[in-house]
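In what follows, a structure is listed as structure tokens, so that the remarks can point back to it.
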Amino acid sequence: MTADMNKETLGFQTEARQLLQLMIHSLYSNKEIFLRELISNASDAVDKLRFAALSDDALLEGDGEYAVRVDVDTDAGTVTISDNGIGMSRDEVIDNLGTIAKSGTAAFLEQLSGDQQKDSQLIGQFGVGFYSSFIVADRVAVHTRKAGVPASEGVLWESRGEAEFTIEAQDKAERGTSITLFLREDSKDFADDWRVRSVIKKYSDHISVPVLMKETPPPAAETAEEENAEPAEPEYKSVNEATALWTRSRSEVTDEEYGEFYKHVSHDFEDPLSWSHNRVEGKLEYTSLLYIPARAPFDMWNRDANLGVKLYVQRTFIMDDAEQFLPMYLRFVKGVLDSNDLSLNVSREILQQDKTVDALRSALSKRVLDMLSKMAKNDAEKYATFWKEFGQVLKEGPAEDMGNKDKIAELLRFSSTHTDNEVQDQSLKDYVERMQDGQDKIFYVVAENFNTAKRSPQLEVFRKRGIEVLLLSDRVDDWLMNHLQEFDGKQLQDVARGRLDLEDENDEEKKAREEAEKDSEGLVERLKTVIADAVEEVRVTTRLTNSPACLVVGEQDMGAQMRRIMEAAGQAVPESKPILEINPTHPLINRLDAETDEDRFADLAKIIFDQANLAEGGQLDDPAAYVERLNKLLLQLSNG
């Protein structure tokens with residue numbers, strides 16, 4: 133506490149201090165972005181007051197003319213951005229400006245590479261717009277008052293972007309927030325009227341709130357009477373168009389304007405991959421402007437993160453992050469929805485029960501899927517970028533959206549033995565077009581990672597016969613396939629599940645298999661006795677050509693990948709054991725069959741079982757016992 137009992141000196145949160153240092157050392161490559169961020173925040177504050185005033189017009193305090201004002205003082209070297217929006221209380225000032233916990237800054241700092249150019253691209257993903265002030269300012273003052281409270285409850289916050297900030301009570305006649313930036317010497321060009329105007333036109337022309345600046349003073353007076361007159365107070369005029377971009381015709385909006393509006397609604401610093409702007413009239417009346425980002429946000433897998441589009445009703449802002457209008461598997465989509473079919477007093481509870489919401493959700497989902505379909509068809513490179521960032525999220529779709537399952541399936545991409553490339557660039561349609569004559573299944577294998585999938589023993593017979601297999605290694609893949617099940621009338625078949633039935637087996641191959649099964653009956657029974665606790669069944673395989681054995685799961689059992697994921701999350705999993713399949717033509721299996729020492733047979737059998745488990749990416753229940761058996765075997769071999 134300082135000497136002035138009304139004024140407190142408080143410390144920034146640790147992560148905030150670290151981020152401020154990055155800002156001050158010019159992590160941004162483009163300094164002028166600070167103005168866009170502060171104007172965007174001011175516009176959001178106005179939107180929030182618009183909504184709050186629907187139920188309490190006293191918050192307007194007799195002033196319903198919303199605006200953002202920008203003032204420059206060349207002599208003082210300052211820029212001030214003011215709004216008459218919702219404003220902040222003292223506690224809100226400390227919460228919003230003293231910490232950055234809500235912005236996930238700890239996660240941001242963990243991702244820094246040390247390369248300033250690369251690191252600067254991360255900032256836009258972490259919602260730290262206000263702190264961009266310190267790119268150009270060595271001191272920032274925020275004077276604010278929450279709408280509807282007395283002038284005496286105004287708050288003044290100041291900081292030099294170092295370890296501390298001060299906060300004190302200070303009267304403020306008008307509601308809203310005023311941010312004054314005391315510019316550093318290397319940024320004094322932003323105290324120029326025309327410089328600031330050009331930046332506003334470039335970045336903020338699209339927002340629905342007028343951004344006002346003082347008119348340029350008139351020429352000096354020429355008559356004595358005019359010379360003695362009091363100078364006229366300059367008027368404020370709108371610098372931007374101040375028309376909500378989504379309300380304009382598509383033909384009137386440039387690609388640059390669409391790009392800047394995306395950055396406004398998403399707080400992203402990169403351009404979007406694609407967008408779709410539509411006005412619909414009929415049973416439903418709405419306008420949507422939806423964007424596909426180019427990069428996944430850091431909190432993509434946090435289901436409690438703020439998701440969804442900005443919702444407007446009859447051009448009146450209702451809420452940010454209206455997640456009800458898009459399913460979770462499309463949570464990466466940003467944009468705006470403006471509907472005439474929802475009431476202005478709409479609440480989250482009403483949204484969850486309104487049939488109109490369901491209709492809008494369905495319409496917007498199809499709009500996004502159509503946008504992705506066009507991208508996949510017309511720009512494979514751009515779609516590859518999308519898939520790399522959001523493919524795993526889209527894979528959640530078939531389980532969540534049965535009505536659009538076929539559309540989603542067409543958008544899915546996988547790795548495959550067709551290329552043996554880790555890049556997921558093969559569609560199910562591609563696979564079907566390459567299927568062999570008579571093949572009626574789409575085969576796939578699921579593993580812990582790509583290399584394990586690529587080298588899975590289960591693929592051996594498929595490679596021998598030239599049959600393509602999809603290589604799946606994303607955590608969501610096992611769950612995806614349980615819900616997808618078929619495509620284009622073709623059943624999806626896990627090559628490591630149940631008995632393998634290849635339709636192209638000829639009479640000679642069938643006869644050889646049956647003879648091998650009969651000849652191996654004794655070995656199978658011996659193996660069952662030794663590893664009965666670990667397996668459900670032992671049988672001769674038709675899958676293997678080079679490996680001695682492999683593990684498969686029962687037709688109705690949970691896949692190995694899904695089991696590992698659930699166990700790692702501490703969730704209960706149903707009891708089940710794998711099936712051991714042996715290759716009777718393999719020399720190691722022949723050696724095992726010929727072993728007469730039962731103790732050595734047991735050791736060899738358990739080694740083969742453990743190796744089959746490891747080949748599938750599994751973990752051994754007793755690694756030490758496996759090593760002990762293997763060492764014993766090696767010693768026996770070395771001793772002849």
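Here the sequence shown is numbered in my numbering, starting from 133 and rising by one per residue.
From the three backbone atoms N, C-alpha and C, an ideal C-beta is built for every residue, glycine too.
Which residues DSSP lists as bridging residue i, in chain order
| i | result |
| --- | --- |
| LYS369 | MET345 |
| SER548 | LEU602 |
| ASP215 | VAL200, THR309 |
| HIS409 | LEU421 |
| GLN751 | DSSP, once it has assigned bridges, lists no residue as partnering GLN751. |
| TYR515 | DSSP lists no partner for TYR515. |
| VAL441 | ALA454 |
| ASP651 | According to DSSP, which records beta bridges pairwise, ASP651 is partnered with nothing at all. |
| LEU469 | SER420, LEU443 |
| GLY143 | GLU296 |
| GLU669 | ILE711 |
| PHE449 | TYR444 |
| GLN625 | PHE575 |
| THR379 | Paired residue(s): none; THR379 is not in a bridge. |
| GLN524 | For GLN524, which the question treats as bridged, DSSP gives no partner whatsoever. |
| PHE314 | THR210, ARG271 |
| GLN558 | PHE546 |
| ALA301 | VAL287 |
| ASP205 | THR210 |
With 16 other Cβ atoms within 10 Å as the buried cut-off, status of residue i
| i | result |
| --- | --- |
| LYS527 | buried |
| LYS509 | exposed |
| MET534 | exposed |
| TRP289 | buried |
| GLU748 | buried |
| TRP326 | exposed |
| MET460 | exposed |
| GLY261 | buried |
| ARG566 | exposed |
| VAL759 | exposed |
| LEU197 | It is worth fixing the name first, because residue 197 is Glu in this sequence and not Leu. That one is exposed. |
| GLY467 | buried |
| ASP324 | exposed |
| PRO755 | exposed |
| LEU315 | buried |
| PRO366 | exposed |
| ALA692 | buried |
| SER605 | buried |
| LEU377 | buried |
| SER816 | Beyond the ends of the chain as shown, which are 133 and 772, falls residue 816; an answer cannot be given. |
| ASP207 | exposed |
| GLN743 | buried |
| SER519 | With the sequence shown as reference, residue 519 is identified as Trp, and Ser is not the correct amino acid for it. When all chains shown are included, TRP519 counts as buried. |
| LEU254 | Model confidence at LEU254 stands at a pLDDT of 49, short of 50, so the residue's coordinates are unreliable; what they give is reported in the following sentence. The residue is buried, with at least 16 neighbouring Cβ atoms inside 10 Å. |
| LYS234 | Residue confidence is low: LYS234 scores 44 on pLDDT, short of 50, so the model does not pin down where it sits. No coordinate-derived value is stated. |
| SER475 | exposed |
| LYS643 | exposed |
| VAL397 | buried |
Residue i and residue j closer than 9 Å at C-beta
| i | j | result |
| --- | --- | --- |
| PRO530 | ALA541 | yes |
| GLU592 | LEU659 | no |
| THR448 | LEU186 | yes |
| SER471 | VAL445 | yes |
| ASP400 | ARG427 | yes |
| TYR418 | ASP452 | no |
| MET613 | LEU624 | yes |
| VAL371 | ILE332 | yes |
| SER264 | PHE166 | yes |
| MET491 | LEU416 | One detail in the question is off: residue 491 reads as Ala in this sequence, not Met. Taking 9 Å as the Cβ cut-off, ALA491 and LEU416 qualify as a contacting pair. |
| VAL500 | ILE450 | no |
| VAL281 | VAL225 | no |
| PHE619 | VAL667 | no |
| MET507 | LYS514 | yes |
| ILE299 | ARG222 | yes |
| LYS537 | HIS615 | yes |
Nearest-angstrom beta carbon gap, residue j and residue i [assumed within contact, 8 Å]
| i | j | result |
| --- | --- | --- |
| THR312 | ALA273 | 5 Å |
| PHE575 | ILE599 | 6 Å |
| LEU421 | GLY440 | Rounded, the Cβ-Cβ distance is 14 Å, inconsistent with contact. |
| ILE714 | PRO680 | 7 Å |
| VAL578 | ASP626 | 7 Å |
Below-9 Å beta-carbon distance, residue i vs any chain C residue
| i | result |
| --- | --- |
| TYR576 | Absent from the structure is chain C; it holds one protein chain and no more. |
Review point. Which ranges does the beta strand (DSSP E) cover as unbroken runs of at least 3 residues, wholly within the region 560 to 623, from first to last along the chain?
Key: 573 to 578, 601 to 604
Secondary structure, alpha helix (DSSP H): runs of 4+ residues fully inside the region 261 to 296:
none
### Message
Give the list of continuous alpha helix (DSSP H) stretches no shorter than 4 residues that lie fully inside the region 671 to 759.
### Response
692 to 700, 719 to 726, 730 to 747
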